[in-house]
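Visitor: Per the working numbering, the very first residue in the sequence shown carries number 801; after that it's consecutive.
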Amino acid sequence: MSINCKNCKKTISEDSKFCFNCGVKIEKDVINENDEVLKFCDADKGFTKGELYAYSDRIEFVSKKVIKKMYYYNLKKVKKVFGIIDLKTIEGESEAFSVEDNVDEWIKLIDDRMIYSKENNLNIEVKKDITINLEKKEKENEKLENAYNEIKEFLKEKDGKVHIIMIKGKIHLPYEELSCEDRYTNEVDSVVSFMQDDGYEIIDVKYQLVGSSENQYSTLIMYK
């Protein structure tokens, strides 16, 4: 799921503590109305069991191994075929879902949202349809946690005082390279998130130019 940054309007992960684009701290009131669930039910995608969710801008099929996101604006046709939801995208791809719910209601909802999104030109901030491999994501999270454990050794005790830790453009760790070159990255956001989970209060996140390159930054995390 995603939210929009209140400051720069860019779409970011709902788990983000800071905006990847502008660096502003994310508050709870920035949640996008697109993340309100309109309808959901148990569903099958082929032989894969999961749940189907309808939002105002997309549908999502969620299983233990994968998350499939399909935006209404990218859909060309929706119809009922042998009791299942049959979808066609504008790029010629097909997808089918068997739902444990009223299929006709799902067809109408998706069709109505397709029409609405195209009439209101809601493709401006819409990303392409994506599939998230949750097993791969779990392995990536494990690597980030290992990286944070290395950084954790350099964090000061929680003594009420304000401290600063600097993450260079690249930190070379025994098993993982933590890249922070693009000002604010998923890796930096993970470090901030882990610090908060450990009880640290994040005061600010800033970027310091490294050398003469405009694209090389160090990330400064102010915390206590």
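Just so you know, even glycine gets a beta-carbon here, dropped at the ideal spot from N, CA and C.
Taking the Cβ atom as the reference point for each residue, do residue 869 and residue 860 lie within a distance shorter than 8 Å?
Guide: For the purposes of this step, residue 869 is taken as residue 69 along the sequence shown, with counting starting at 1. For the purposes of this step, residue 860 is taken as residue 60 along the sequence shown, with counting starting at 1. Contact flag set, yes.
Visitor: Grab me the residues of residue 842's own chain with a C-beta within less than 7 Å of its C-beta, minus the 5 sequence neighbours each way, in chain order.
Guide: Start at 1 with the first residue of the sequence shown, and residue 842 comes out as number 42. Excluding sequence neighbours, residue 842 sits near 851 and 900.
Visitor: Could you have a look at residue 866 and say whether DSSP puts it in helix, strand or coil?
Guide: Numbered from 1 along the sequence shown, position 66 holds the residue referred to as residue 866. DSSP places residue 866 in strand when its eight states are reduced to three.
Visitor: Does DSSP put residue 749 in a helix, a strand or coil?
Guide: The structure shown does not extend to residue 749, since the chain is modelled only from 801 to 1024, so the question has no answer here.
Visitor: Check whether the Cβ atoms of residue 866 and residue 853 sit closer than 8 Å, and answer yes or no.
Guide: In the sequence shown, the residue the question calls residue 866 occupies position 66. In the sequence shown, the residue the question calls residue 853 occupies position 53. No. Outside cutoff.
Visitor: Can you give the beta carbon distance from residue 915 to residue 903, rounded, assuming they're within the 8 Å contact cut?
Guide: Sequence index remark: in the sequence shown, residue 915 carries index 115 (1-based). Sequence index remark: in the sequence shown, residue 903 carries index 103 (1-based). 19 Å between Cβ atoms; not a contact.
Visitor: Given that a residue counts as buried once 16 or more other Cβ atoms are within 10 Å of its Cβ, and exposed if not, what is residue 949?
Guide: Numbered from its first residue, the sequence shown carries residue 949 at position 149. Answer is exposed; the Cβ neighbour count stays below 16.
Visitor: Given a threshold of 16 other Cβ atoms within 10 Å of its Cβ, counted over all protein chains shown, does residue 988 qualify as buried or as exposed?
Guide: For the purposes of this step, residue 988 is identified with residue 188 of the sequence shown, where counting begins at 1. Burial call: buried.
Visitor: Per DSSP, which one or two residues make a beta bridge with residue 843?
Guide: Reading the sequence shown from its first residue, position 43 is the one you call residue 843. Note: residue 843 sits in a beta bridge opposite 850 and 899.
Visitor: Cα separation between residue 998 and residue 966?
Guide: Working through the sequence shown from its first residue, we reach residue 998 at position 198. Working through the sequence shown from its first residue, we reach residue 966 at position 166. Residue 998 and residue 966: Cα-Cα distance of roughly 18 Å.
Visitor: Judging by CA-CA distance, which residue of 921, 864 and 960 is the nearest neighbour of residue 938?
Guide: The sequence position of residue 938 within the sequence shown is 138, counting from 1. If we check each option's Cα against that of residue 938, 864 comes out closest.
Visitor: With a CB to CB cut of under 6 Å and the five nearest residues on each side skipped, what residues in its chain are close to residue 990?
Guide: Here residue 990 is taken as the residue at index 190 of the sequence shown, counted from 1. So the qualifying residues of the chain are 944.
Visitor: Select from 1020, 893, 960 and 1018 the residue whose C-alpha is nearest the C-alpha of residue 1001.
Guide: To locate residue 1001, count along the sequence shown from 1; it is residue 201. For the residues 1020, 893, 960 and 1018, the minimum Cα distance to residue 1001 belongs to 960.
Visitor: Mind checking who residue 994 pairs with in its DSSP beta bridge?
Guide: For this step, residue 994 is matched to residue 194 along the sequence shown. Note: residue 994 sits in no beta bridge, so no partner.
Visitor: From the DSSP output, which residues share a beta bridge with residue 860?
Guide: By one-based count along the sequence shown, residue 860 stands at place 60. Paired residue(s): 853 and 869.
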